[in-house]
Structure formats: C-alpha cells, structure tokens
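**Student:** In my numbering, the protein residues as written are 22 to 483.
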Ligand code: 5AD
Ligand code: SF4
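1. Is the number of C-beta pairs between the segment 84-99 and the segment 178-187 that are closer than 8 Å three or more?
2. So which residues put a beta carbon under 6 Å from any heavy atom of ligand 1, going in chain order?
3. Which same chain residues, not among the five before or five after residue 323, have their C-beta less than 6 Å away from its C-beta?
4. Look at residue 458 and residue 444 and say whether their C-beta atoms are less than 7 Å apart.
5. Leaving aside the five residues before and after residue 174 along the sequence, list all residues of the same chain whose C-beta is less than 6 Å from its C-beta, in chain order.
6. Between the Cα of residue 331 and the Cα atoms of 361, 374 and 405, which residue gives the shortest distance?
7. With DSSP as the reference, identify every bridge partner of residue 178, one or two as the case may be.
8. State the Cα-Cα distance for the pair residue 252 and residue 171, rounded to the nearest angstrom.
9. Looking only at its chain, what residues have a beta carbon closer than 6 Å to the beta carbon of residue 83, apart from the 5 residues adjacent to it on each side?
10. For residue 30 versus residue 44, is the C-beta distance shorter than 7 Å?
11. Rounded to whole angstroms, what's the CA-CA distance from residue 152 to residue 194? Just pull it up for me.
12. May I ask you to list the residues that DSSP assigns as paired with residue 68?
13. How far does the beta strand (DSSP E) with residue 407 in it reach, from first residue to last?
14. Taking 6 Å as the cut-off, is the C-beta of residue 184 nearer than that to any heavy atom in ligand 3?
15. Who are the near neighbours of residue 390 in its chain, counting only those whose CB is closer than 6 Å to its CB and skipping five residues on each side?
16. Ends of the beta strand (DSSP E) at residue 277?
17. Assign residue 302 to one of three DSSP states: helix, strand, or coil.
18. Among the residues of its own chain, which have a CB less than 7 Å from the CB of residue 36, if the five just before and after it don't count?
19. Determine which residues share a DSSP beta bridge with residue 457 and list them.
20. Quick one, are the C-beta atoms of residue 186 and residue 359 less than 7 Å apart?
21. Here's the rule: buried if 16 or more other CB atoms are within 10 angstroms of the residue's CB, otherwise exposed. What is residue 528?
22. CB-CB under 6 Å to residue 216, same chain, minus the five flanking residues each way: which ones, in chain order?
23. Ignore the nearest five residues each way along the sequence and tell me which others in residue 280's own chain have a CB closer than 7 Å to its CB.
24. Give every residue of the same chain whose Cβ lies closer than 7 Å to the Cβ of residue 61, excluding the five residues on either side of it in the sequence, and list them in chain order.
25. Going along the chain, which unbroken runs of the alpha helix (DSSP H) with 4 or more residues stay wholly within the segment 83-156?
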C-alpha cells in the first residue's frame with residue numbers, strides 16, 4: 022500500500038522549517054505528501070506549546086481523529102508538545118503511535134521502521150542530539166525565500182518559557198555547513214535567506230573557526246546570488262554592536278531586527294529572568310537608531326506577568342512610545358508546565374490581562390498608523406511574492422519586512438514573482454501599505470537600494 026502523509030504545523034518559524042525538514046525526510050523514505058487527512062495513511066501534527074492555547078489546538082485535533090485511527094490511519098505528535106508531554110500523550114490520546122520532539126528528528130527514519138513493524142508506542146524524547154538536525158532532505162515550500170537553521174535549543178532560562186524544556190540545550194551548526202547550505206540555496210534560485218534559531222545571537226561555530234553570529238551573518242550576506250538575509254530571534258542580552266556594524270557594512274543584510282523586550286519594567290524583567298534592564302535594552306535601540314540605514318525594530322510583549330502592577334504596565338506602554346516599534350506581537354502571560362514563574366504568587370486575573378493587551382494593541386495601532394502615513398511618497402525596493410488576480414495587485418516585501426500591495430503597468434500574471442523592483446508608497450493604513458510599481462523591468466542583479474525608506478511588520482506563524 023502506498024504510504025502517504027498529511028502534516029499540520031503549529032507555532033514559530035523554527036517549527037515551520039522543521040516541517041520542511043520532516044517532509045523532506047518522509048519523501049526520501051518513500052512517502053507522498055497529500056493535502057487532506059482523508060487521503061493520508063499517516064497524519065503528523067508538528068506542535069507548539071508556547072502558550073496554553075497553542076497546546077490545546079493539537080488535543081482538539083486529536084479528539085476529532087479517533088475514528089480515523091480506527092480505520093488504520095497512523096497518528097504522530099511531534100514537536101514541542103510531544104517533547105513536553107512525552108508518554109502522557111499516549112494516555113490522553115491512545116490512538117497516537119508516535120511521539121517525538123525536535124531533538125530526535127535525525128532518528129525519524131528509524132522511528133518509521135518501528136511504526137512499520139507495528140509498534141504502537143514509538144517515542145523520540147531524549148535530548149541526545151549533540152548537533153542541530155542537519156538533513157539534506159529539506160522540502161521548501163517558498164521558491165524564493167528559504168529558512169536556514171543556524172542554532173537549535175536555548176540555554177537561557179526565562180522564567181515563563183517552555184522552550185529550554187521543549188528544544189533542549191543550544192547546539193550551533195558549523196559555519197562551513199551553514200555557508201554550504203546558503204550556497205546550495207543560491208544555486209537553486211533562492212535570493213532571500215532567513216537565519217533561524219531561538220537565540221541566533223548566541224551562535225558560536227563549534228568548529229575551529231569559532232565564528233560568532235555577526236561574522237556568520239556577514240558571510241551569508243556575501244554568498245553570490247543572495248540578496249537578502251534576515252535573522253530571528255534575537256535576545257537583547259546577546260545582541261552585540263558588531264551585528265549593527267555588519268548590517269551597516271553589508272546592504273544584503275536586511276535592516277530589520279526583531280528584538281523582543283517582553284516588558285518595559287526592570288522589576289518585571291528581573292522576575293522574568295531576562296538578564297537585562299530597561300536601560301540596557303534602550304542602549305541597543307540607540308545603536309540601531311544610530312545605524313547608517315534606518316533599521317526597523319519589532320518586538321514581543323507579554324502582559325499580565327505575575328506581580329505586574331499598574332505602574333509596571335504603564336512602563337511597558339511608555340516603552341512603546343519611546344521605541345516607536347514598526348510592529349509588535351503581544352501576548353497574555355500563560356502559565357506553562359515546568360517553568361519557574363509557575364510558583365510565583367500574585368497571578369493577574371484573565372479579565373485584567375485582556376484589558377492590558379487591548380491597551381497595548383490600541384497604543385501600538387496608533388503608533389503604526391502615524392508611522393505608515395509618514396511613508397507615503399517614499400520609494401521601496403520590494404521582493405515580489407504574489408499576484409492577487411481578483412484584486413489585480415501584486416504583493417511584495419521590503420528589506421524592513423513590510424508587505425506592500427501594489428499595482429503595476431504590466432499586470433500579466435506571474436512574470437514579476439521572485440524579482441526585485443521599486444515601488445512608490447501611495448497609501449497607508451495602520452497595518453498595511455499600498456503603492457505602485459515603478460520599474461518597467463524587474464531589477465534583477467542590482468544591489469539593494471540602501472537609501473529606501475520603509476517600515477516593517479514581521480510575519481510570524483503563531
Ligand atoms: N506566556 C505568554 N507569552 C509567552 N511567550 C513565551 N512564553 C510565553 C508565555 N508563557 C511569548 C514571548 C516570546 C514569544 C515567542 O512568545 O513574548 O518572545
Ligand atoms: Fe512553539 Fe516555542 Fe516550540 Fe516554536 S519553539 S513551536 S514557539 S514552543
């Protein structure tokens with residue numbers, strides 16, 4: 022019988038990219054990918070446990086799949102919930118037969134053999150990987166923009182965060198294998214690379230070269246054929262000035278930095294064990310403000326952390342005004358298993374968290390609306406990603422990671438997709454930009470226009 026698989030992904034870009042690697046591995050093992058659960062012999066859920074809501078999603082899916090399992094479908098729970106809950110998943114959803122965390126994906130072919138042999142309780146839960154999951158069988162979905170993992174795991178211990186438990190300790194790839202992969206991506210037509218890691222700034226080449234993150238970033242930006250390099254996520258504690266110097270020196274490095282602050286109050290930052298003060302965070306913002314190209318700064322905010330007073334919360338609102346972020350992701354604090362903040366008293370009621378998150382979002386919307394209006398009339402270089410037939414509009418992304426919808430004289434389908442072109446911003450809303458394409462011909466082969474002004478909204482799959 023033909024083996025087919027359906028895979029659904031929850032969570033961050035690391036998970037999206039893990040799915041690409043798992044998909045490549047499955048295809049290499051003789052599986053065919055299908056679009057629906059009905060067609061699949063194997064169903065994979067690549068899960069996220071960053072907040073309770075994300076975790077509940079997979080259990081809802083599993084609740085509805087019991088009947089399918091009775092018909093012989095194999096169900097696999099992989100990723101962060103798998104690592105966190107482990108064997109308990111078999112108790113909660115007895116029709117699941119594979120539970121594996123991301124540190125075990127290198128053993129996937131072996132686990133598939135065990136499944137094939139009829140084993141109904143296959144697990145991959147050890148943190149035995151000493152290296153990042155480096156597979157040649159990656160199936161990337163986007164033909165122009167590629168994710169590239171440089172470091173896995175996290176050695177920080179933020180008191181609210183499950184990631185150190187679900188992804189294990191930090192493992193950096195060698196710079197040689199990263200550069201090699203970047204070259205292979207360029208050879209197969211990719212022009213944009215997004216370097217991935219829970220904390221890319223603490224990258225340290227395990228080989229004798231001993232490169233740090235800024236050196237690696239610069240080197241990837243110099244791979245012939247690569248025009249844009251992004252990176253996520255940065256931890257303020259490890260975000261050093263040489264990263265800005267690298268962006269200044271190399272126009273292929275996108276002028277966008279996602280630097281999650283979490284809170285504007287040093288007292289709350291201490292309780293979160295973030296290892297920096299508000300002042301130290303602002304020092305990094307100053308470096309970016311003094312950069313040669315205007316750098317788009319985006320952030321993550323948590324509201325309602327245990328003990329967050331009205332004054333602490335005001336400090337976060339003040340910080341939004343002070344930094345003037347391009348965009349933010351905001352979250353209500355969600356208590357997570359194993360984390361240190363579970364034992365903190367003074368939990369904030371959910372209604373209060375809701376009030377605070379709404380205030381944060383309202384404040385940010387006003388900031389963005391003002392910023393966006395100030396962009397009308399400027400010219401952006403965009404990488405064209407899609408054509409929306411119904412609207413007769415193209416969609417592209419700026420170096421600062423802003424998407425912009427635009428019209429162009431030669432609206433004839435897919436000709437421009439994957440190319441770079443100049444677009445004049447003609448309209449702005451709180452979270453969108455619109456414009457008109459300027460170049461008659463795509464700007465293939467030209468370097469990024471370093472003087473283009475723009476703003477960014479980072480896209481995270483959550
Ligand atoms: N509750 C709410 N938000 C969280 N994040 C991480 N852990 C939690 C939690 N327990 C947020 C942080 C992080 C982003 C990826 O998710 O803001 O930067
Ligand atoms: Fe979710 Fe964090 Fe795992 Fe990404 S690393 S999938 S955000 S829990």
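C-beta: ideal position from N, C-alpha, C; glycine also.
All of these numbers come straight from a predicted model, not from anything done at the bench.
**Tutor:** Looking at the coordinates:
1. no
2. 71, 72, 181, 182, 281, 283, 321, 323, 352, 354, 355 and 357
3. 283, 352 and 354
4. yes
5. 188, 189, 190, 191 and 192
6. 374
7. DSSP lists no partner for residue 178.
8. 10 Å
9. 114
10. no
11. 7 Å
12. 100
13. 400-409
14. Ligand 3 is not part of this structure, which contains only ligand 1 and ligand 2.
15. 451
16. 277-279
17. helix
18. 30, 67, 69 and 100
19. 428 and 445
20. yes
21. The chain is shown from 22 up to 483; residue 528 falls before or after that span and cannot be answered.
22. 169, 171 and 252
23. 255, 257, 260, 305, 318 and 320
24. 25, 26, 27, 55 and 94
25. 87-91, 101-106, 109-113 and 129-137
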